[in-house]
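K.L.:
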Amino acid sequence: MIPIDSAAVEIFAAANNTIALTGAGISVASGIPHFRGCGGIWENYDPEEYGTIQAFQRNPAKVWSALKIFCDIIDKARPNPAHFALASLERLGYLRTIITQNIDGLHQEAGSSNVIEFHGNNRWLVCQKCGGRYPIKEVAIDLLPPLCACGGVLKPDVVLFGEMIPHDALYRSYLEANNCSVVIVIGTSAAVEPAASIPRIASKTGAKIIEINPEEEMSSDIHLSGCAEEILPILLEKINRLSLQDTLQPRQPSLLQSP
């Protein structure tokens, strides 16, 4: 069993307003490779030609030829033990919110209910003409680009390069960061904005930062070295064991209400 810093277990178990920030690393074990970097999908496609909203508007069929590869990979992916452990932590009241940079929807599939998606969700398509939104499984994407009944071009409901992060996702994330006592950063270096702001904002308000990555990627109070799919189930088990020893009952986290 991978050794887990007991301080991380105690911090997590004692807090009732913990949030998680997740990135691509949490989904690698589900069969989704990093999109960028060595071996990433963008190694074979120029993001300027295939990944920007401007390129999509110029030639949606061309951009869809790359997007379809993303869609096929995500369609085959299933949640791994890290996703299920986070869902269990939420259900038991130890985790309030997940803020994710991922577009795969695996947190929700694993059972997490309070998920903020910075970059959208690839399991949905949105019409660029009428704004209609459809589950991707209900749309044939053999002929590219797929079209809405109104004749408009359908686009994955994700943030392409050159698009803004949804305002609601930003607002809710900053609200969570300002009101949490622990941030657990998983599978991301949190080096790129706006994700980088989350642990920074939280730290300024006194929150503890726990990082789960194979290598130390950021400034944190505790770094747990290893893969999320191995560490998170162990962390869950140890938190449950500590709770039983202290005769603590699973509790419901405080929920922030947006105005």
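Start counting the sequence shown at 307; every next residue gets the next number (my numbering). All C-beta atoms, glycine included, are put in the ideal place defined by N, C-alpha and C.
(1) Is the beta carbon of A388 less than 8 Å from the beta carbon of I325?
(2) Could you name the residues of the same chain whose beta carbon sits closer than 6 Å to that of A483, not counting the 5 residues immediately before and after it, in chain order?
(3) My guess is that A319 and L548 are in contact by the Cβ rule of under 8 Å, so how many angstroms apart are they, rounded?
(4) Quick test of your reading: L395 and A501, contact by CB under 8 Å. State the CB separation rounded to the nearest angstrom.
(5) Ends of the beta strand (DSSP E) at Y400?
(6) Below 8 Å, how does it come out for the segment 398 to 409 and the segment 421 to 432: are there three or more Cβ pairs, yes or no?
(7) Please state the DSSP three-state secondary structure of L554.
(8) Who are the near neighbours of I545 in its chain, counting only those whose CB is closer than 7 Å to its CB and skipping five residues on each side?
(9) Which word fits D474, buried or exposed, when buried means at least 16 other C-beta atoms lie within 10 angstroms of its C-beta?
(10) Nearest to N420 by alpha carbon, out of S479, W348, P520?
(11) Mapping DSSP to helix, strand and coil, what is K368?
(12) The beta strand (DSSP E) spanning E517 covers which residue range?
P.N.:
Checking against the coordinates, here is how it stands:
(1) Walking along the sequence shown from the start, residue 388 turns up at place 82. Walking along the sequence shown from the start, residue 325 turns up at place 19. No, the Cβ-Cβ distance between A388 and I325 is not below 8 Å.
(2) Here residue 483 refers to the residue found at position 177 of the sequence shown. Excluding residues within five positions, the ones whose Cβ falls inside 6 Å are I504, I507, A508.
(3) Position 13 of the sequence shown holds residue 319. Position 242 of the sequence shown holds residue 548. That belief holds up - the Cβ atoms of A319 and L548 are roughly 5 Å apart, short of 8 Å.
(4) Residue numbering aside, residue 395 sits at position 89 when the sequence shown is read from its first letter. Residue numbering aside, residue 501 sits at position 195 when the sequence shown is read from its first letter. L395 to A501, Cβ: 20 Å. No contact.
(5) For the purposes of this step, residue 400 is taken as the residue at position 94 of the sequence shown. Note, Y400: premise wrong, no beta strand (DSSP E); not H, not E.
(6) Yes: at least three Cβ pairs fall under 8 Å.
(7) Walking along the sequence shown from the start, residue 554 turns up at place 248. In this predicted model, L554 has a pLDDT of only 47, less than 50, meaning its place in the structure is not dependable; the value taken from the coordinates is given anyway. Of the three classes helix, strand and coil, the one that applies to L554 here is coil, per DSSP.
(8) For the purposes of this step, residue 545 is taken as residue 239 along the sequence shown, with counting starting at 1. Same-chain partners within the cutoff: V315, F318, A319, Y400.
(9) To locate residue 474, count along the sequence shown from 1; it is residue 168. Exposed, since its Cβ has fewer than 16 Cβ neighbours within 10 Å.
(10) Locating residue 420 in the sequence shown gives position 114, where the first residue counts as 1. Per the Cα distances, S479.
(11) Indexing the sequence shown from 1 puts residue 368 at position 62. K368 falls in the helix class under three-state DSSP.
(12) In the sequence shown, residue 517 corresponds to position 211, counting from 1. Unbroken beta strand (DSSP E) run through E517: 514 to 519.
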